[in-house]
DNA sequence: GGTAAGTGCAACCAGGAGGTTGCGTATGAC
DNA sequence: GTCATACGCAACCTCCTGGTTGCACTTACC
């Protein structure tokens, strides 16, 4: 039972690892914030105001795109990035599941103690 | 306005970076899952079933503890780790905020287009 | 057509993350 | 008291990540 539950959460959870990892960086979380307020923006736009190189920003954006949090759209000579909500929503659902699992575990513990 | 919103999210978001980073690893997400189902567990218990060394697991647990997701409690010669829900809940609130911000941005965009 | 702007690609570098091994130490069991 | 268990610490290794620089290429603009 425990093993089964772990498998369920484990399989579902594995897909979220890249998303968590993508957001586990200050620069990238900042980029997501910017894009979430105002989308789309070009790489140069996103580089302005940052102390990093365009290349660095570009790499971070690639990581975010790999995680599905962001999508690149070529417009002429510019590359626009736009925010996608879905992975974040999926992550929230996953966290809800974790939360639920935890409550259940507490319930089992309580029942065990009171027995 | 945009800058202010970014500052707000940025400041609040910065605190969540370690939590995201902590969960952005398959091994650690697995540990969290195990601890969330059944808490507390000792390091040796958590090492069983994994192909990694006790030391590796121990390091991962230290990372999780640093992020506040888990807490270590010394019991005799054993070190028990127990799950904490709060950082996950905080993260969910933060993601809700991001979601809200995004909806707002969409609203602004729609209003702008329809004008 | 010439020039500047916006990117992509590749090489390169430093540092940190993930992992192991070896050893020391405290605690429980007998 | 002795021995096994559970753990911490430190050194070490490898590889990936974050970041830069230099150059080539496409596209807009005049």
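Chains as they are written, first to last, in the numbering used here: chain U, 145 to 259; chain P, 145 to 259. Backbone N, C-alpha and C fix where the C-beta goes; we use that ideal spot for every residue, glycine too.
Asked, Found
"Beta carbon proximity, residue 157 of chain U to chain P, threshold 8 angstroms", "yes"
"Strand pairing of residue 217 of chain P, partner residues [DSSP]", "P:224"
"Integer-rounded CB distance, given that residue 207 of chain U should sit under 8 angstroms from residue 172 of chain U", "6 angstroms"
"Identified DSSP bridge partners for residue 202 of chain P", "The partner list for residue 202 of chain P (beta bridge, DSSP) is empty, contrary to what the question assumes."
"Any C-beta of chain P under 8 angstroms from that of residue 148 of chain U", "Low local confidence applies: a pLDDT of 45 at residue 148 of chain U is under 50, so the model's placement there is unreliable, and no value is given."
"Which of helix, strand or coil DSSP assigns to residue 194 of chain U", "coil"
"Sheet register partners of residue 186 of chain U (DSSP bridge)", "U:224"
"Chain-ordered neighbours of residue 245 of chain U on chain P, where CB pairs are closer than 7 angstroms", "180 and 181"
"Interface positions of the segment 211–240 of chain U facing chain P (Cβ-Cβ less than 8 angstroms), listed along the chain", "227, 229, 232, 233, 235, 236, 239 and 240"
"Option in P:187, P:222 and P:210 with minimal Cα separation from residue 200 of chain P", "P:187"
"Buried or exposed by the 16-neighbour rule on C-beta atoms within 10 Å, applied to residue 251 of chain P", "exposed"
"Contact between the segment 239–256 of chain P and the segment 220–240 of chain U (3+ Cβ pairs under 8 angstroms)", "yes"
"Distance between residue 258 of chain P and residue 164 of chain P (C-alpha atoms, nearest Å)", "38 angstroms"
"Residue 169 of chain U (DSSP reduced to helix, strand or coil)", "coil"
"Under the three-state DSSP convention, the category residue 160 of chain U falls into", "coil"
"Local conformation of residue 211 of chain P per DSSP, three classes", "coil"
"DSSP three-state assignment for residue 229 of chain U, whether helix, strand or coil", "coil"
"Chain-ordered neighbours of residue 164 of chain U on chain P, where CB pairs are closer than 7 angstroms", "164, 167 and 168"
"Beta-carbon proximity of residue 238 of chain U to residue 160 of chain U, cut-off 8 angstroms", "yes"
"Residue burial classification, residue 167 of chain U (beta-carbon count within 10 angstroms, cutoff 16)", "buried"
"Cut-off 8 angstroms between Cβ atoms - residues of its own chain near residue 190 of chain U, not counting five sequence neighbours on either side", "175, 178, 179, 201, 205 and 225"
"Identity of the residue in P:193, P:210, P:196 and P:170 nearest residue 162 of chain P by Cα", "P:210"
"Residue 145 of chain U classed as buried or exposed, judged by whether at least 16 other C-beta atoms fall within 10 angstroms", "Because residue 145 of chain U carries a pLDDT of 43, less than 50, the predicted location of this residue cannot be relied on, and no value is offered for it."
"Status (buried if at least 16 other CB within 10 Å, exposed otherwise) for residue 255 of chain P", "exposed"
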